[in-house]
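Numbering (this note's numbering), first residue to last: 1 to 455.
Below is one structure; the comments refer to it alone.
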Amino acid sequence: MPLRVYNTLKKDYEIFSPINESQVGIYMCGMTVQDRPHLGHMRTFLFGDVLRRYLEYKGFEITYIQNFTDIDDKIIEKSRKEGIDWRALGDKNENEYLESAQKLNIKPATYYPRATQFVEEIIEMVQLLIEKGFAYESGGSVYFEVSKFKGYGKLSGKNLEDLKESFRIESDPGKKNPFDFALWKAQKEGEPYWYSPWGKGRPGWHIECSVMSAHFLGQPFDIHMGGQDLIFPHHEDEIAQAEAAHNVQFVRYWIHSAPMLLKGEKMSKSTGLYFAAKELLEQYSPESIRLFILQKHYRSPAEYMQEYLDEAERALYRIKNFLESTPSIENGVVNENYVEKFQRFMDDDLNTPAAVSLIFDLIREGNQKLANGEIPTEEKSTLLLLLEVLGFNISNLSTKKPEVDLIKELMEVILDVRQLLRKNKHFQLADEIREKLEQLGFKIKDTKEGSVFEF
RNA sequence: GGCGACGUAGCCAAGUGGCCUAAGGCGGCGGUUUGCAAAACCGCUAUUCCCCGGUUCGAGUCCGGGCGUCGCCUCCA
């Protein structure tokens, strides 16, 4: 069965068919590392992870590129304000992203290119655009001349006339047209810089993605993903420069995920309205966050409230409970009926909420079998397959604590009881417990502060 | 102002012309289990899909209008 996805470029569903038969290139527009990753980012990247896993499940080999844009106005501004080096700021946020992604069981990208590693190639591309007449230099900066690229607006559905009317921001005096965008920015006093044919400066936003995606995946490549908020201007501009420079289509399928909302507003770094991924992961299990996100379709804006994660946590508990109440199995036979439904839902523009509903259907059927004294091996092995493809970390889906923790907690209980016995002068029983524990290898010491043990 | 998305049970949320007398989760209610509880499990929980018209043999699903919410229009995942 073919996968059908919504392609922003066509504003319609399309059957996905990659350039190469068995190999798919995906470019996920990653973070500009000016700030900490929040739940909204995680929604986008977690969805990318599910698309990737599903394509892998369907037998494709995936090259997955996710960039870090590590030089830009905001990074410079913010590092100044915080009084730290711009590279240190970027590294910090990048690491925080990587740690959160790992906890969320998001598969690592094949490569994580950074803008600053591609300055040479960026300069080459800017030169090419000048040579081809699509870009011009002005005061040490280089701008892409939007009116020269006739397809401008094809992704976002905007046209230059409409844009002119809606123009709200004061234009840079060096630009011919207010919508011309910087390919290269001249250095201002005290800013980081690289040498270029136009003097000291740094890459503009947008150009790094065109360069790095083509570097790893070629042009055209299959899938470019990111948040809907990147459609304009970021992705529109990527298309313009890439297609102007190389004269071939840039990307075949553009897949955009909807924003995470908080109190009815988009969760955003700039408004300060966001929940950092790191803190959320300290409060909630990664699987409950994944479940919460997958229970909504990726193209619908999703409101965030703490109680939604509480709900997901409770729902997750049902999954854990079922997995634990059934014997472990290996290579069990799966229920083809369920697998077929699962594929049908996922093939329909990644309908993860429908796919997740199958998880609970399986659990209900499995529990019914358990109640009748049967062992639901088929339900369990099917469930494990679905959980795997949806990216749940199966080994985390256990309510069982690590044994070390468990032993400590058990000992605490035993020692508390024993303390009570000693207090009430039941020394014989207390001593007996101590001896029995010693036989098991636990050495008990009764100190003034209470009892401690060694193992 | 321009472009776009959406409005389904108490809440979250699938469903895009007939298997919908509308999935799934949370909550609520009833039951099984239990010394009692908790937990767990099972069952029930929208005659109806924002409102008003229209198309059609047939509409939550298509079209027009209205009301409301949200996103984008060079900070953005």
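From the three backbone atoms N, C-alpha and C, an ideal C-beta is built for every residue, glycine too.
From the options, pick the residue whose C-alpha is nearest to that of residue i; which is it?
| i | options | result |
| --- | --- | --- |
| G327 | E379, R318, E208 and F181 | Per the sequence shown, residue 327 should be read as Pro rather than Gly. Comparing Cα positions, the closest option is E379. |
| G140 | S147, K150 and I123 | I123 |
| M1 | Y57, M42 and L89 | Y57 |
| N247 | K154, L51, K132 and Q127 | K132 |
| L261 | C209, L98 and R299 | R299 |
| V339 | S213, A302, L384 and Q368 | L384 |
| K11 | T382, W254, I407 and R364 | W254 |
| W212 | S268, T69 and D91 | Position check: residue 212 holds Met in this sequence, whereas Trp was assumed. Ranking the options by Cα distance to M212, first place goes to T69. |
| E265 | A244, L51, Q228 and Y304 | Y304 |
| S100 | R434, P286 and I75 | P286 |
| H256 | I76, M125 and L51 | L51 |
| E374 | A355, F250, L397 and S325 | S325 |
| D180 | K408, H206, I106 and Y317 | H206 |
| F134 | I239, E208 and G201 | I239 |
| L450 | D416, E438, L55 and L437 | At residue 450 the sequence reads Gly, which differs from the Leu that was named. Comparing Cα positions, the closest option is D416. |
| G199 | L129, A186, P192 and E208 | A186 |
| M42 | F345, L104 and L316 | L104 |
| N7 | G226, M267, I76 and T32 | G226 |
| L9 | I363, E365 and Q249 | Q249 |
| F60 | Y97, I319 and L3 | L3 |
| W184 | V126, P192 and S147 | V126 |
| V5 | H224, R364 and E282 | H224 |
| L437 | K425, N396 and V452 | V452 |
| A245 | Q428, F149, P259 and Q306 | F149 |
Taking the straight line between their C-alpha atoms, what separation do you get for residue i and residue j?
| i | j | result |
| --- | --- | --- |
| G40 | I414 | 45 angstroms |
| M28 | D73 | 21 angstroms |
| E189 | D172 | 18 angstroms |
| V333 | R53 | 21 angstroms |
| K443 | W86 | 53 angstroms |
| A430 | M411 | 14 angstroms |
| N321 | A109 | 32 angstroms |
| E336 | A302 | 32 angstroms |
| F221 | A214 | 8 angstroms |
| E454 | E435 | 14 angstroms |
| E165 | K176 | 16 angstroms |
| G151 | E137 | 22 angstroms |
| T532 | E388 | Lying before the first or after the last residue shown, residue 532 is absent from the chain, which here runs from 1 to 455. |
| W194 | G201 | 5 angstroms |
| G391 | S381 | 15 angstroms |
| F275 | E432 | 52 angstroms |
| F342 | A355 | 6 angstroms |
| L386 | V24 | 22 angstroms |
| F144 | E208 | 14 angstroms |
| L316 | D446 | 41 angstroms |
| G366 | R344 | 22 angstroms |
| K154 | V119 | 28 angstroms |
| R314 | K81 | 42 angstroms |
| I106 | Y97 | 11 angstroms |
| K369 | P376 | 6 angstroms |
| P37 | N95 | 10 angstroms |
Using 10 angstroms around the beta-carbon of residue i, count the other beta-carbons present and answer buried if the total reaches 16, otherwise exposed.
| i | result |
| --- | --- |
| Q34 | buried |
| K78 | buried |
| K401 | In this prediction, K401 has a pLDDT of 49, which is less than 50 and means its spatial position is unreliable; nothing more can be read from the coordinates. |
| Q241 | buried |
| D237 | buried |
| R252 | buried |
| T399 | Note that T399 scores a pLDDT of 49, beneath 50, so its modelled location is shaky; the value from the coordinates is reported in the next line. So T399 ends up on the exposed side. |
| L89 | buried |
| L217 | buried |
| A371 | exposed |
| N93 | buried |
| L440 | exposed |
| R290 | buried |
| G30 | buried |
Would the beta-carbon of residue i be found less than 6 angstroms away from any heavy atom of the ligand ZN?
| i | result |
| --- | --- |
| I65 | Judged by which ligands are present, the structure shown has none, so any question about the ligand ZN falls away. |
| said: Pairs of beta-carbons, one from the region 58 to 73 and one from the region 107 to 116, closer than 8 angstroms: are there three or more? | reply: Touching, per the Cβ criterion.
| request: Would you be able to state if there are at least three C-beta pairs under 8 angstroms between the region 290 to 300 and the region 42 to 58? | output: Enough Cβ pairs lie closer than 8 angstroms, so yes.
| Every unbroken alpha helix (DSSP H) inside the region 173 to 247 [4 residues or more] | List check, alpha helix (DSSP H) in window: 207 to 217 and 236 to 246.
| task | Take every Cβ of the region 351 to 361, pair it with every Cβ of the region 3 to 21, and state whether three or more of those distances are shorter than 8 angstroms. | result | They do not touch, by the three-pair rule.
| request: For the region 303 to 315 and the region 421 to 441, state whether three or more C-beta atom pairs, one from each stretch, are separated by less than 8 angstroms. | output: Result no; under three Cβ-Cβ pairs closer than 8 angstroms.
| Does the region 221 to 238 come close enough to the region 153 to 165 that 3 or more CB-CB pairs lie under 8 angstroms? | Touching, per the Cβ criterion.
| In chain order, which continuous runs of the alpha helix (DSSP H) of length 4 or greater are located wholly inside the region 82 to 154? | Listed in chain order, the complete alpha helix (DSSP H) runs (minimum 4 residues) inside the region 82 to 154 are 86 to 103 and 119 to 131.
| query | Can you list, in chain order, the stretches of the beta strand (DSSP E) that have 3 or more residues and sit fully within the region 3 to 34? | reply | List check, beta strand (DSSP E) in window: 4 to 7, 12 to 15 and 23 to 28.
| request: Any chance you could list the beta strand (DSSP E) runs of at least 3 consecutive residues sitting entirely within the region 319 to 350, in chain order? | output: Counting whole runs of 3 or more residues, the region 319 to 350 contains no beta strand (DSSP E) stretch at all.
| query | Which runs of the alpha helix (DSSP H) spanning at least 4 residues fall entirely within the region 253 to 293, listed in chain order? | reply | With a minimum length of 4 residues, the continuous alpha helix (DSSP H) runs that stay inside the region 253 to 293 are 277 to 283.
| task | Any chance you could list the alpha helix (DSSP H) runs of at least 4 consecutive residues sitting entirely within the region 348 to 389, in chain order? | result | Listed in chain order, they are 352 to 371 and 377 to 389.
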